[in-house]
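Below you'll find the structure, written out as structure tokens, and then a few comments.
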């Protein structure tokens with residue numbers, strides 16, 4: 009189909025195709041045979057899909073905030089592509105969460121019409137990035153953990169969740185490679201980049217503890233093999249990070265058992281790459297309750313800021329169609 | 003009135019909205035076209051989880067069938083097994099190359115155990131679609147769409163796109 013200009017293509021109402029413009033999207037699982045495994049608690053299943061979907065949705069939004077702020081055009085494309093993959097995963101998982109819940113909530117209802125306390129993403133996903141080193145460090149930790157998790161879910165007994173995970177494994181593999189290569193480049197780069205990468209890793213590692221603490225829903229579902237107990241992912245996560253840190257000449261201090269305040273929050277030369285996303289976010293990413301967990305709906309102020317941006321239009325015009 | 007075209011022929015002529023030089027069948031997105039008592043069931047497999055073209059693809063298939071007189075048509079999505087570039091046909095690969103997009107090589111095979119980390123780009127041989135030289139190098143692993151990366155050819159000096167193996 010040919011158009012004289014891009015605007016005409018976007019606004020042509022005779023054409024059903026809308027791409028990423030407008031509200032004409034159908035459910036991403038349209039035409040996929042539904043159904044859930046027998047004998048599994050639907051509420052638990054809904055809650056579990058919500059956790060996995062929220063992780064992807066919030067991380068995707070954080071990545072999108074870097075577009076127009078990344079150091080190079082190529083990295084803008086990379087971050088936008090990774091964000092789009094995660095958004096696709098979020099759509100599938102939230103749609104499935106709504107179906108399991110059975111109360112008529114679709115992906116939009118779940119993404120746009122829940123408050124912060126109803127979100128179940130880990131806090132690592134919502135944290136603002138103080139600089140590009142923080143971003144690639146956070147992306148490395150997030151994708152390493154999620155890849156390991158999805159790789160196990162790909163053989164889960166729920167065929168739909170297994171299919172979503174198997175698809176996600178292919179994508180998360182190159183997401184993790186992208187993040188790891190940047191961590192190596194910065195860690196094994198100049199004195200300045202090494203210092204900033206070291207500071208980022210030191211600040212972010214304490215947030216990874218939460219990734220391996222199972223919620224009650226995960227414990228119940230993993231007993232029947234439907235979910236993965238995240239504590240079982242620790243060894244693979246540590247092995248991957250050790251490989252990256254070695255290549256990056258990074259030697260993070262062993263983590264204290266307590267939630268010690270991360271040291272050395274970067275104060276050097278705030279440049280063009282500094283914090284496009286934080287806007288006053290608590291740099292520790294922990295808000296008022298340092299022990300709270302995102303899986304329990306206990307979030308930092310950062311999530312409220314993300315949702316204010318993400319949900320603003322849908323909430324202002326809930327009946328809007330264009 | 004001309005003889006009605008088979009549903010498979012109609013769907014087989016629908017091109018990809020982002021890569022209009024190849025059809026959806028050549029890309030391996032259309033998995034199956036079944037006719038049953040005047041109704042058509044088309045099965046497609048999405049390429050990437052977030053690919054925004056899936057919506058357009060579904061509409062394009064239904065529109066083509068409608069215009070050919072098939073008014074009872076359903077597009078069903080099959081998400082397992084996941085799409086792989088290995089499903090792109092020989093003619094699809096040739097047309098991509100003719101349009102300046104280097105076609106994908108064989109998709110990576112995975113051994114048992116954890117997914118391996120790849121800290122340096124794989125030493126792949128991707129021929130320049132313009133001059134055929136194989137000493138091309140990666141510029142960026144992410145391009146204008148999820149499925150493409152940017153490379154350059156030192157021999158002829160031109161940048162080009164390559165469809166990534168997945």
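Protein chains in written order, with our numbering: chain A, 9 to 330; chain B, 3 to 168. Ideal placement from N, C-alpha and C gives every residue a C-beta, glycine not left out.
Assigned with DSSP and collapsed to three states, residue 48(A) falls in coil, not helix or strand. Looking from the CA of residue 52(B), the closest CA among 45(A), 49(A), 99(A) and 70(A) belongs to 99(A). For the pair residue 324(A) and residue 50(B), the Cα-to-Cα distance works out to about 31 Å. The beta carbons of residue 154(A) and residue 119(B) sit no closer together than 8 Å. At a cut-off of 8 Å between beta carbons, residue 144(B) contacts chain A. Among the residues of chain B, those whose CB is under 8 Å from the CB of residue 186(A) are 143 and 144, following chain order.
Among the CB atoms of chain A, none fall inside 8 Å of the CB of residue 98(B). Looking at the DSSP output, residue 162(B) sits in a beta bridge with 153(B).
In the three-state reduction of the DSSP assignment, residue 139(A) falls in the coil class, being assigned neither a helical nor a strand state.
Here DSSP, grouped into helix, strand and coil, assigns residue 98(A) to helix. With 16 or more other Cβ atoms from the protein chains shown falling within 10 Å of its own Cβ, residue 9(B) counts as buried. Non-local beta-carbon contacts of residue 68(A) in its own chain, meaning distances under 7 Å to residues more than five positions away in sequence, involve 91, 94, 95 and 98 in chain order.
For residue 38(B), the enclosing beta strand (DSSP E) stretches over residues 32 to 38. Unbroken alpha helix (DSSP H) stretches of 4 residues or longer found wholly inside the region 191 to 264 of chain A: 199 to 212, 224 to 231 and 242 to 255, given in chain order.
Per DSSP, the beta-bridge partners of residue 79(B) are 46(B). As DSSP reads the structure, residue 103(A) sits in no beta bridge. For residue 113(B), no beta strand (DSSP E) segment is defined, and its DSSP state is neither H nor E. Taking a C-beta cut-off of 9 Å against chain B, the contacting residues of the region 154 to 187 of chain A are 155, 156, 159, 167, 168, 170, 171, 172, 174, 175, 176, 177, 178, 179, 180, 181, 182, 184, 185 and 186, listed in chain order. Assignment of beta-bridge partners to residue 25(B) by DSSP yields 17(B). Going by C-alpha positions, residue 20(B) is about 45 Å away from residue 259(A). Excluding residues up to 5 positions away in sequence, 195, 196 and 202 lie with their Cβ nearer than 8 Å to the Cβ of residue 257(A) in the same chain. With a cutoff of 8 Å on beta-carbon distance, residue 46(B) and residue 27(B) are scored as not near each other.
For residue 128(B), the secondary structure class from DSSP, reduced to helix, strand or coil, is strand.
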